[in-house]
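Engineer: Okay, so the sequence shown: first residue is 2 according to my numbering, each after it adds one. Input: one structure, supplied below.
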Amino acid sequence: MSAAKSDRIRAGFINGNRPRMLREFVVSALLVAGLCFASSVANGQGKPVDAEGHQWWQHAVFYEIYPRSFADSNNDGIGDLNGIESKLDYLKQLGVDAIWITPCYPSPQVDFGYDVSDYENIDPMYGTLTAFGHLAKAAKRHHIRIIMDLVLNHTSDQHPWFLDSKSSRTSAHRDWYIWRDGKDDGQPPNNWISGFGGSAWKFDPTTGQFYYHYFAAAQPDLNWRNPAVEKAMFDVTRFWYKHGVSGFRLDAVDLLFEDPNLRDNPVLEGKNELGDPKTQEIYNDKLPANHDVLRRLRSVADQSDAVLVGETYTDSAAELKEYYGAHNDEIQLPMDFMFCQIDKLSAPDFRKQIAIAESTGGWPTYVISNHDMERSYVRYGDGKHNDQIAKLMAALYLTLRGTPIMYYGEEIGMENNDPTRKEDVKDPMGVTGWPGYKGRDGERTPMQWNDAPNAGFTQGTPWLPVPPSYKTHNVASESKDPESILDFYKRLLALRHRDRALLDGDYVALNQDDPNVLSYLRRYKKEAVLVALNMSGNVQQVSFDLAQQGFPSAKGKTLLTTLSVPPKPGVPGQISLEPFSVYVARVSK
Ligand code: GLC
Numbered sequence: 002m003s004a005a006k007s008d009r010i011r012a013g014f015i016n017g018n019r020p021r022m023l024r025e026f027v028v029s030a031l032l033v034a035g036l037c038f039a040s041s042v043a044n045g046q047g048k049p050v051d052a053e054g055h056q057w058w059q060h061a062v063f064y065e066i067y068p069r070s071f072a073d074s075n076n077d078g079i080g081d082l083n084g085i086e087s088k089l090d091y092l093k094q095l096g097v098d099a100i101w102i103t104p105c106y107p108s109p110q111v112d113f114g115y116d117v118s119d120y121e122n123i124d125p126m127y128g129t130l131t132a133f134g135h136l137a138k139a140a141k142r143h144h145i146r147i148i149m150d151l152v153l154n155h156t157s158d159q160h161p162w163f164l165d166s167k168s169s170r171t172s173a174h175r176d177w178y179i180w181r182d183g184k185d186d187g188q189p190p191n192n193w194i195s196g197f198g199g200s201a202w203k204f205d206p207t208t209g210q211f212y213y214h215y216f217a218a219a220q221p222d223l224n225w226r227n228p229a230v231e232k233a234m235f236d237v238t239r240f241w242y243k244h245g246v247s248g249f250r251l252d253a254v255d256l257l258f259e260d261p262n263l264r265d266n267p268v269l270e271g272k273n274e275l276g277d278p279k280t281q282e283i284y285n286d287k288l289p290a291n292h293d294v295l296r297r298l299r300s301v302a303d304q305s306d307a308v309l310v311g312e313t314y315t316d317s318a319a320e321l322k323e324y325y326g327a328h329n330d331e332i333q334l335p336m337d338f339m340f341c342q343i344d345k346l347s348a349p350d351f352r353k354q355i356a357i358a359e360s361t362g363g364w365p366t367y368v369i370s371n372h373d374m375e376r377s378y379v380r381y382g383d384g385k386h387n388d389q390i391a392k393l394m395a396a397l398y399l400t401l402r403g404t405p406i407m408y409y410g411e412e413i414g415m416e417n418n419d420p421t422r423k424e425d426v427k428d429p430m431g432v433t434g435w436p437g438y439k440g441r442d443g444e445r446t447p448m449q450w451n452d453a454p455n456a457g458f459t460q461g462t463p464w465l466p467v468p469p470s471y472k473t474h475n476v477a478s479e480s481k482d483p484e485s486i487l488d489f490y491k492r493l494l495a496l497r498h499r500d501r502a503l504l505d506g507d508y509v510a511l512n513q514d515d516p517n518v519l520s521y522l523r524r525y526k527k528e529a530v531l532v533a534l535n536m537s538g539n540v541q542q543v544s545f546d547l548a549q550q551g552f553p554s555a556k557g558k559t560l561l562t563t564l565s566v567p568p569k570p571g572v573p574g575q576i577s578l579e580p581f582s583v584y585v586a587r588v589s590k
């Protein structure tokens, strides 16, 4: 794995090197509190969906939709809400239970929606609140929940709150953002670096002060120490709960608070991919106060039986555990990005990371791709067996204990289509990072529906071009092919939905010294599902002795496999696994 490749999936957090010092006392306090943290049943939640006390979001398969790129109903080259609505049948057949729509609120689109100028409306390019209402109703009929993206760390610089804030030092919203004087020599208040490149401070001549922006200058950070900010943002969530939303994905939630004294971050050796000095972000990332806000945000969510999904960049089990809350009263689904930062097929690395996620005592949340990281098809692919590897990765994260969040197009093996010329780059990070870092456009290209021009996404000019692979990797062609990635996903998701062991079973690692094959059991009462994944390009022989796991005379029956000749039903003794193959079997006592 090259350093560049690994940094890339931390897009938005390109400084890397997560902070430790400030957090340490919190970590130890929470470790103690964590002793009473065994149950995965959340506090104050709605009716459980099974005898284990699991909530709806523990059985659901989530699917991320980047609305600009999913389906374009009015042929303006940009996807929209009506487009999403037209694809609900597809999503249901695929096996999706909840869609997370990345920001579709009014926005100048500097960061493609992550710069919100009105939190309680829909950007005209995507539709209207009425269209949202239709989508919500149609989704409900399909038993698909809607999760919105809550950009709570920052707003657009065009948001009325910021326009007022910048208008004078005494404006009503002045203290809603972080304003400070520069140093005597006119330099910014401290050395904090923006995730989008350069200083995280911008001087505003109207009032002669700097404001803080972790991301683009057009995305000023809100001041979460001001209770009015919290109230306004919590009201935004209530507004959407009333509109039928079942939860939020919390954007950049690590970054809500900053050190009140604005101390300089320690500088590390070297430069990041955007050419800035590397720093250790101990004073503006993962501050303890985040957790107080999360607990209060969670209690609002609980009143609507809603789920909070976290964009949580963590470096250790302890950090991940913190996000669940000491009493399981913060984020229900903190995404485990450590899992997808393993960007090579390595059975030992995945085994280790699954153990880390399991060790938190919380309900794991796995993702393998999203709109900020290179597509998994490319990241794990070896260039020759990419389709097999895509199935292998699906079989991995869709059979683990926890909630998976898919990324649109992953199920058909979409690949990146990175820009080749700077003038084509749309993502502000790509503009700054060019040519070393080409930005995130490549993983955000239009959904490939069929082999018509622009992959059937639009009859207009798509905002980003589709890669040539759309001719073979598209929904229409793959729907007809029983060997396709799409067909495999459908079978896998159907199995996951009906199999108790996959839904509720515990996770038991098997053959822990095997360097090539990742195997585990999902055990539920008298039954279990055995999963064996050959992560190597060679044939591997594996055998299983399941006596220790409570299945001394286990009989295996294949449930799903990519092996050309599945093993005969019987004891899962010696099994020969072809390169990158998947073997999933039921074992019973
Ligand atoms: C999150 C989003 C990313 C965005 C950033 C700023 O990391 O996933 O796309 O650029 O926040 O809002």
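The beta-carbon is built from N, C-alpha and C at its ideal position, and this holds for glycine as well. In this text the structure is predicted, and so the values were computed from the model without any measurement.
For GLY363, I'd like the list of residues in its chain whose CB is within less than 6 angstroms of its CB, leaving aside the five on either flank, ordered along the chain.
Structural biologist: Counting only Cβ-Cβ distances below 6 angstroms, and skipping sequence neighbours, we find TYR325.
Engineer: For the ligand GLC, list every residue whose C-beta falls under 6 angstroms from any of its heavy atoms, going in chain order.
Structural biologist: Chain-ordered list of matching residues: GLY13, ASP112, TYR115, VAL152, PHE216, ASP252, ALA253, GLU312, HIS372 and ASP373.
Engineer: Could you name the residues of the same chain whose beta carbon sits closer than 8 angstroms to that of VAL518, not counting the 5 residues immediately before and after it, in chain order?
Structural biologist: Counting only Cβ-Cβ distances below 8 angstroms, and skipping sequence neighbours, we find ALA348, ASN512, ALA533, LEU534, ASN535, MET536, SER537, GLN541, VAL543 and LEU578.
Engineer: So the candidates are PRO278, PRO365 and PHE351; which of them puts its Cα closest to the Cα of GLY311?
Structural biologist: Out of PRO278, PRO365 and PHE351, PRO365 has the C-alpha closest to the C-alpha of GLY311.
Engineer: Using C-beta distances below 7 angstroms, list every residue in its chain close to PHE133, excluding the 5 sequence neighbours before and after it, in chain order.
Structural biologist: Within the same chain, PHE133 has close Cβ partners LEU82, ILE123 and HIS244.
Engineer: Would PRO68 and ASP119 be called neighbours here (beta carbons separated by less than 9 angstroms)?
Structural biologist: The answer is no: Cβ separation not under 9 angstroms.
Engineer: May I have the straight-line CA-CA distance separating ALA456 from GLN389, to the nearest angstrom?
Structural biologist: Straight-line Cα distance between these residues: approximately 23 angstroms.
Engineer: Go ahead and pull the three-state DSSP assignment for ALA318.
Structural biologist: ALA318: helix per DSSP, three-state reduction.
Engineer: Assuming the contact rule is C-beta atoms closer than 8 angstroms, SER172 and SER166 should be a hit. Round their C-beta distance to whole Å, please.
Structural biologist: So it is a contact: roughly 6 angstroms between Cβ atoms.
Engineer: First and last residue of the alpha helix (DSSP H) that includes PRO405?
Structural biologist: Not the alpha helix (DSSP H): PRO405 falls in the beta strand (DSSP E), residues 404–408.
Engineer: Which residue marks the beginning of the beta strand (DSSP E) containing THR366, and which one marks its end?
Structural biologist: Residues 366–368.
Engineer: Which same chain residues end up closer than 7 angstroms to ASP265 when comparing Cβ atoms and leaving out the 5 residues on each side of it in sequence?
Structural biologist: Correct list, in chain order: ASN191 and ASN192.
Engineer: Rounded to whole angstroms, what's the CA-CA distance from LYS88 to LYS141? Just pull it up for me.
Structural biologist: Spanning the two alpha carbons is a distance of roughly 14 angstroms.
Engineer: CB-CB under 6 angstroms to GLY443, same chain, minus the five flanking residues each way: which ones, in chain order?
Structural biologist: Result list for GLY443: ASN417, ASN418 and ASP419, in chain order.
Engineer: Within the continuous beta strand (DSSP E) that includes LYS279, where are the two ends?
Structural biologist: Where LYS279 is concerned, the enclosing beta strand (DSSP E) stretches over 278–280.
Engineer: When the Cα of ALA307 is compared with those of LEU298, ALA477 and THR313, which residue comes out closest?
Structural biologist: Nearest option by C-alpha distance: LEU298.
Engineer: Anyone know if the C-beta pair for HIS60 and ASP116 falls short of 9 angstroms?
Structural biologist: Their beta carbons are not under 9 angstroms apart, which means HIS60 does not touch ASP116 by this criterion.
Engineer: Cα-Cα, which of LYS423, PHE240, GLY403 and THR459 is closest to SER360?
Structural biologist: The option with the nearest alpha carbon to SER360 is GLY403.
Engineer: Under three-state DSSP, which class holds MET149?
Structural biologist: Note: MET149 maps to strand in three-state DSSP.
Engineer: Would you report the Cα separation of LYS526 and GLY506, rounded to the nearest angstrom?
Structural biologist: When rounded, the distance between both Cα atoms is 8 angstroms.
Engineer: In chain order, which continuous runs of the beta strand (DSSP E) of length 3 or greater are located wholly inside the stretch 387–431?
Structural biologist: Listed in chain order, they are 404–408.
Engineer: Measure from the alpha carbon of GLY551 to the alpha carbon of each residue in PHE235, GLY96, PRO568 and ARG524, then state which is nearest.
Structural biologist: The candidate whose alpha carbon is nearest that of GLY551 is ARG524.
Engineer: Quick one: what's got a C-beta closer than 8 angstroms to GLY571's C-beta in the same chain, skipping five residues either side?
Structural biologist: Counting only Cβ-Cβ distances below 8 angstroms, and skipping sequence neighbours, we find LYS556 and GLY557.
Engineer: Pick from ASP277, LEU263, GLU86 and THR315: whose alpha carbon is nearest that of ILE179?
Structural biologist: The residue with the shortest Cα to Cα distance from ILE179 is LEU263.
Engineer: On a CA-only basis, which of ARG250, ASP330, ASP205 and SER305 is nearest THR313? Give me that one, please.
Structural biologist: For THR313, the nearest C-alpha among the options comes from ARG250.
Engineer: Checking the sheet assignment: what are the DSSP bridge partners for SER166?
Structural biologist: Looking at the DSSP assignment, SER166 forms no beta bridge with any residue, so it has no partner.
Engineer: Between which residues of its own chain and LEU560 is the CB-CB distance below 8 angstroms, once the five residues before and five after are set aside?
Structural biologist: Excluding positions up to five away in sequence, the list reads LEU496, ASP500, VAL530, VAL585, ALA586 and ARG587.
Engineer: Rounded to whole angstroms, what is the Cα-Cα separation between ARG424 and LEU401?
Structural biologist: For the sequence presented, residue 424 should be read as Glu rather than Arg. One C-alpha to the other measures close to 42 angstroms.
Engineer: For TYR215 and MET339, what's the separation of their Cα atoms in angstroms?
Structural biologist: Their Cα atoms are separated by approximately 22 angstroms.
Engineer: So the candidates are LYS48, GLY47, VAL62 and ASP51; which of them puts its Cα closest to the Cα of TYR490?
Structural biologist: That would be VAL62, whose Cα lies nearest to the Cα of TYR490.
Engineer: Whole angstroms are fine: how far does the CA of SER305 sit from the CA of MET374?
Structural biologist: Cα to Cα, MET374 sits roughly 31 angstroms from SER305.
Engineer: Note down the Cα distance separating CYS105 from TRP241, rounded to an integer number of angstroms.
Structural biologist: Cα to Cα, the separation comes out at about 13 angstroms.
Engineer: Which residues in the same chain as LYS392 place their Cβ atom closer than 7 angstroms to its Cβ, once the five residues preceding and following it in sequence are excluded?
Structural biologist: Within the same chain, LYS392 has close Cβ partners ILE486, PHE489, THR563 and VAL583.
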